[in-house]
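S.K.: Can you read through this structure? Questions will come right after.
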């Protein structure tokens with residue numbers, strides 16, 4: 099964890115840059131808007147404003163033609179008003195309309211609509227006394243410097259992508275396959291502003307190219323993709339070639355018996371496991387053990403914490419770093435998980451080592467809990483980097499060393515089956531092959547898997563070199579505790595943004611992986 | 003429409019009635035202090051004429067720039083969500099939102115482009131239309147494969163969801179009182195907890211096209227829900243949780259949650275849960291069982307395995323929506339597959355959830371069968387891909403060629419899940435038609451000699467083609483000689499299903515008394531928006547369903 103001396107307040111953008119360059123709100127424009135909202139509710143104690151502005155350009159290509167190119171922006175403004183007694187009245191209002199009259203009307207009527215009965219002092223829980231120290235967190239803070247904005251991506255959004263895609267379009271009509279490609283570019287700016295002085299602004303770009311190719315009988319398929327914040331680092335034609343190659347290898351699919359086998363998981367598969375593991379690191383303990391996770395910590399003495407204990411193979415290291423050169427993310431807490439953390443969107447975040455050399459180092463904690471235990475606060479690791487602290491092995495070497503196993507190009511629909519054990523389930527797709535005696539033997543039917551990720555990560559035979567993996571437009575799996583019914587997720591919220599936050603993972607060879615059943619889906 | 007005063011008189015009586023007749027276990031502090039209606043907070047400030055003017059300007063700009071075709075959806079929307087399970091001094095939680103936006107779609111030659119934004123100003127919509135035309139023109143230079151575009155009548159007009167009480171004219175305080183009354187109806191019994199959620203959407207949506215269609219619709223959608231949970235110490239580790247079936251998503255106003263019959267329904271659900279919870283716990287062996295499922299579970303299975311698969315874009319491999327096990331269409335359409343009791347209808351007519359008069363391509367909405375007596379007869383399509391179905395029918399020739407008119411219209415299946423999303427072939431509501439000669443749930447159970455009853459299957463884990471998955475019911479019971487004998491602990495039994503096999507084992511469908519609903523949420527849109535579909539289904543009886551315990555694998 100960085101010390102205060104190692105951090106410095108750094109402007110994430112040059113304030114003199116002209117607004118016309120940005121497809122999203124610049125810092126100056128976002129602050130002006132936020133101050134306006136704050137001023138409108140000044141006599142009612144308006145305390146915080148959250149603004150998110152994102153622009154997406156998405157091109158969808160299928161079977162030799164461009165289906166459509168979608169281009170647009172989404173603006174979200176949320177603000178909370180405070181009450182006279184110092185408690186923040188939990189009024190949450192959302193809008194995407196920048197209309198002075200409308201905003202003033204809403205702010206003026208907000209408190210009249212929803213009132214809060216203050217909790218009597220004798221009824222307060224002891225933890226609530228910690229709210230006072232938290233007030234200091236609304237003051238000015240310093241942030242890690244990050245580099246998430248690339249003008250090349252913005253330029254590609256402006257220029258349109260047609261000039262960049264003819265080869266992809268031609269490839270999607272080749273080789274008697276059905277091909278679908280998605281190309282997405284995104285730019286986003288976020289501002290959190292609080293009356294005591296905390297202001298957090300960040301901007302970022304991101305892009306992703308994915309392609310799926312299917313055989314005419316709908317039974318075989320291949321997939322490949324790449325994600326990077328800098329459009330100039332992406333080669334769409336390469337993506338297409340790999341997807342087509344896997345699809346061609348997937349003709350003449352045969353079924354094999356499910357069961358426990360050695361699995362060589364490509365990065366596309368490992369990434370799905372790792373993303374689904376994010377809630378695993380939650381330290382929260384409830385009264386119902388079925389709702390606790392494997393790392394839940396006791397409220398009082400009893401079950402010991404697993405911090406400091408060996409939980410997975412010693413070659414595995416997992417961390418989240420805003421300054422990760424392979425990915426990175428905004429250096430402050432973002433809206434989405436704050437509801438359950440008593441935390442402040444906009445509060446600075448630093449690198450977190452989750453597992454180092456197989457040892458559990460940190461857990462996701464409520465801000466109040468972190469204060470009480472005198473440990474760092476850490477949010478869910480929706481961005482994760484997994485790497486080997488030992489020798490790395492290529493996929494070809496893994497296959498060559500495998501007598502009997504399965505190569506999985508990608509997983510899909512991965513989700514938690516049971517919170518208490520964090521047992522995961524999902525399915526293979528877009529490339530599943532039987533390995534016999536060190537070689538790919540044949541394409542096989544897809545499986546469903548059921549696995550305990552911690553147990554699987556204790557059966558690792560080999561680890562490769564990590565790469566960032568795109569997720570495509572797959573279903574978002576939001577932990578049920580985050581209550582999707584209550585508050586709609588922001589379009590670019592932590593769980594729902596697209597492209598997804600960077601997940602950088604290696605291929606892995608895992609013995610006795612549980613392929614529990616055959617499935618019909620191709 | 004009932005006036006607010008009349009509603010309050012009626013609702014207040016209901017609240018007083020509960021207060022006098024019951025002895026509440028707890029006294030709830032209702033901290034809502036606002037007597038002002040919700041629309042004081044989030045007014046309807048964008049008048050329909052403004053939206054219509056923006057729509058006209060966009061179409062004119064697109065045509066002037068050279069669009070072959072252009073359409074636009076312009077919308078102003080208000081949302082008020084309200085709910086929770088208040089205990090003691092915890093207040094109800096609420097969220098209010100007002101949003102606007104448009105989605106302008108144009109075609110130039112073979113190129114399509116869509117531009118969207120939340121900025122409802124003339125400058126933005128005009129520039130967006132022009133930008134879309136420029137992009138589409140660039141696309142048409144790269145792709146030359148023509149896209150078919152099904153014809154549709156040019157329509158003009160207005161429509162509004164018929165409601166009695168506008169929920170935005172009701173204050174949060176009154177909504178809290180009514181929700182509390184519903185919760186109290188459950189909590190009058192010992193150790194029963196409950197949760198209530200009210201979710202209201204009011205929207206004005208304008209559609210315009212370069213063909214001349216011009217439509218204004220005022221839409222009201224409601225997503226209320228009340229669930230009860232038996233939480234005595236005996237059940238704490240193995241809770242029984244049931245939804246109140248008659249409080250379900252619909253296109254209606256506040257009246258859908260008022261009335262003393264709602265509290266009766268809550269009490270009935272509590273009684274049902276207490277009866278089920280009174281059964282002793284037992285151990286469940288994995289294996290294959292004869293199973294009777296309630297309407298909620300049937301709706302979940304249909305929503306997981308049939309509804310997504312019936313999207314035509316998935317079935318023909320167009321786009322990134324995912325796969326469908328109902329493809330290729332040549333091997334699926336009009337092929338007898340299942341029990342002839344199985345009929346599924348896409349129904350966006352009032353009072354179904356998401357009802358409207360025209361869809362988001364300006365096509366008139368009507369209820370139409372997707373599966374008719376065990377045969378897939380249609381898909382959810384848009385004007386862009388309807389031609390695939392028409393071509394299939396034409397190629398088949400013979401007596402069916404063009405005879406039945408199924409594929410001359412999309413039947414209003416184009417849905418924009420938010421104002422900024424382009425339309426896609428989908429639906430907001432499907433109904434599995436109950437059997438007129440079918441049995442009640444109890445009567446179906448009586449027919450089972452050795453099997454299971456599944457209640458409230460809500461959680462499922464599917465796959466990319468909707469071809470199967472795992473599901474975890476909230477309650478699973480063993481049946482011996484037609485009687486419920488034991489229930490199984492939470493987490494002990496998952497159902498594992500392959501979609502094709504599952505529906506081939508359907509023995510019978512229940513009657514109208516067994517109808518229940520389930521909300522399917524698909525979160526697959528970019529930018530993110532929740533795609534919420536209401537599925538209604540009767541109870542069902544399957545010859546075989548696999549029960550699986552992942553802990554034993």
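Chains as they are written, first to last, in my numbering: chain A, 99 to 620; chain B, 3 to 555.
For every residue, glycine included, the Cβ atom is placed at its ideal position computed from N, Cα and C.
What is the DSSP secondary structure of residue 168 of chain A, reduced to helix, strand or coil?
M.R.: Strand, per DSSP.
S.K.: Output needed for residue 350 of chain A: all residues of its chain with C-beta closer than 7 Å, excluding positions within five of it in sequence on either side, in chain order.
M.R.: Correct list, in chain order: 541.
S.K.: Cα-Cα, which of B:140, B:134, B:538, B:551 is closest to residue 346 of chain B?
M.R.: Comparing Cα positions, the closest option is B:538.
S.K.: Check the Cβ-Cβ distances between residue 348 of chain A and every residue of chain B, and say whether any is below 9 Å.
M.R.: Chain B contact via Cβ: absent.
S.K.: Can you give the Cα-Cα distance for residue 566 of chain A and residue 228 of chain B, rounded to whole angstroms?
M.R.: Near 43 Å, if we compare the C-alpha coordinates of residue 228 of chain B and residue 566 of chain A.
S.K.: So, using beta-carbon positions, are residue 483 of chain A and residue 324 of chain A closer together than 9 Å?
M.R.: Their beta carbons are not under 9 Å apart, which means residue 483 of chain A does not touch residue 324 of chain A by this criterion.
S.K.: DSSP three-state call for residue 258 of chain B: helix, strand or coil?
M.R.: The answer is helix: DSSP assigns residue 258 of chain B an H, G or I state.
S.K.: Whose C-beta lies closer than 7 Å to the C-beta of residue 161 of chain A among residues of the same chain, with five residues either side of it excluded?
M.R.: Hits under 7 Å: 270, 271, 276, 277.
S.K.: Taking Cβ-Cβ distances shorter than 7 Å, what residues in chain B pair up with residue 82 of chain A?
M.R.: Residue 82 of chain A lies beyond the range of chain A shown here (99 to 620); nothing can be said about it.
S.K.: Do residue 303 of chain B and residue 84 of chain B have their beta-carbon atoms positioned less than 9 Å apart in this structure?
M.R.: The answer is no: Cβ separation not under 9 Å.
S.K.: By how many angstroms is the C-alpha of residue 191 of chain B removed from the C-alpha of residue 293 of chain B?
M.R.: Rounded to whole angstroms, residue 293 of chain B to residue 191 of chain B spans 30 Å at the Cα level.
S.K.: Any contact of the region 49-65 of chain B with the region 187-204 of chain B, i.e. 3+ C-beta pairs under 8 Å?
M.R.: No contact exists between the region 49-65 of chain B and the region 187-204 of chain B.
S.K.: Using a C-beta cutoff of 9 Å, does residue 490 of chain A count as contacting chain B?
M.R.: Output row for residue 490 of chain A: interface = no.
S.K.: Give a yes or no on whether the C-beta atoms belonging to residue 488 of chain A and residue 608 of chain A are separated by under 9 Å.
M.R.: No, Cβ-Cβ distance for residue 488 of chain A and residue 608 of chain A is not below 9 Å.
S.K.: How would you label residue 187 of chain A, buried or exposed, when you count the other beta carbons within 10 angstroms and need 16 or more for buried?
M.R.: Confidence is the limiting factor: at residue 187 of chain A the pLDDT is only 35, short of 50, which leaves the residue's position unreliable, though a coordinate-based value still follows. So residue 187 of chain A counts as buried.
S.K.: Can you tell which of A:299, A:249, A:615, A:124 has its C-alpha closest to the C-alpha of residue 446 of chain A?
M.R.: Considering only alpha carbons, the answer is A:299.
S.K.: For residue 530 of chain A, tell me which candidate among A:353, A:466, A:153 has the shortest Cα-Cα distance.
M.R.: Minimum Cα distance to residue 530 of chain A is reached at A:353.
S.K.: If you count every other CB in all the chains shown that lies within 10 Å of the CB of residue 255 of chain A, and 16 or more means buried, which is it?
M.R.: Label assigned to residue 255 of chain A: buried.
S.K.: Is the CB of residue 300 of chain B under 9 Å away from at least one CB in chain A?
M.R.: Closer than 9 Å: no.
S.K.: Any C-beta of chain B sitting closer than 9 Å to the C-beta of residue 637 of chain A?
M.R.: The question about residue 637 of chain A has no answer here: the residues shown for chain A are numbered 99 through 620.
S.K.: Could you tell me which whole beta strand (DSSP E) segments of length 3 or greater appear in the region 53-104 of chain B?
M.R.: As far as the region 53-104 of chain B is concerned, its whole beta strand (DSSP E) runs of at least 3 residues are 71-86.
S.K.: From the DSSP output, in three-state form, read off residue 432 of chain A for me.
M.R.: Three-state DSSP puts residue 432 of chain A in coil, outside helix and strand.
S.K.: By how many angstroms is the C-alpha of residue 463 of chain B removed from the C-alpha of residue 222 of chain B?
M.R.: Straight-line Cα distance between these residues: approximately 31 Å.
S.K.: Report the residue from A:132, A:510, A:286, A:236 whose alpha carbon sits nearest the alpha carbon of residue 365 of chain A.
M.R.: Ranking A:132, A:510, A:286, A:236 by Cα distance to residue 365 of chain A puts A:510 first.
S.K.: On the three-state DSSP scale, how would you describe residue 340 of chain A?
M.R.: It is helical.
S.K.: Less than 8 Å between the CB atoms is what I'm expecting for residue 279 of chain A and residue 159 of chain A, so what's the real figure, rounded?
M.R.: Rounded, the Cβ-Cβ distance is 4 Å, consistent with contact.
S.K.: For residue 485 of chain A, count neighbouring Cβ atoms within 10 angstroms of its own Cβ and tell me buried if that reaches 16, exposed if not.
M.R.: When all chains shown are included, residue 485 of chain A counts as buried.
S.K.: Grab me the residues of residue 142 of chain B's own chain with a C-beta within less than 8 Å of its C-beta, minus the 5 sequence neighbours each way, in chain order.
M.R.: For residue 142 of chain B, where only same-chain residues beyond five positions count, the Cβ hits under 8 Å are 110, 111, 112, 113.
S.K.: Are the beta-carbon atoms belonging to residue 534 of chain B and residue 481 of chain B less than 9 Å from one another?
M.R.: Cβ atoms of residue 534 of chain B and residue 481 of chain B: not closer than 9 Å.
S.K.: Are the C-beta atoms of residue 505 of chain B and some chain A residue less than 9 Å apart?
M.R.: For residue 505 of chain B, the answer is no, since every Cβ of chain A falls outside 9 Å of its Cβ.
S.K.: Determine, using beta-carbon pairs with one atom in the region 356-365 of chain B and one in the region 415-429 of chain B, whether at least three such pairs fall under 8 Å.
M.R.: Verdict: yes, contact present.
S.K.: Count the other CB atoms within 10 Å of the CB of residue 127 of chain B; is the residue buried (16 or more) or exposed (fewer)?
M.R.: The residue in question, residue 127 of chain B, is buried, as its Cβ has 16 or more Cβ neighbours within 10 Å.
S.K.: Looking at the C-beta of residue 612 of chain A, does it have a partner C-beta in chain B at a distance below 9 Å?
M.R.: Closer than 9 Å to some Cβ of chain B, the Cβ of residue 612 of chain A qualifies, so yes.
S.K.: Check whether the Cβ atoms of residue 407 of chain B and residue 151 of chain B lie closer than 9 Å to each other.
M.R.: No; because the gap between Cβ atoms is not below 9 Å, this pair is not in contact.
S.K.: Just to make sure I have the definition right: I need the residues of chain B whose C-beta is within less than 7 Å of the C-beta of residue 264 of chain A. Which are they?
M.R.: Per Cβ cutoff of 7 Å: 144.
S.K.: Under the assumption that residue 546 of chain A contacts residue 620 of chain A (Cβ atoms under 8 Å), give the Cβ distance between them as a whole number of angstroms.
M.R.: Rounded, the Cβ-Cβ distance is 14 Å, inconsistent with contact.
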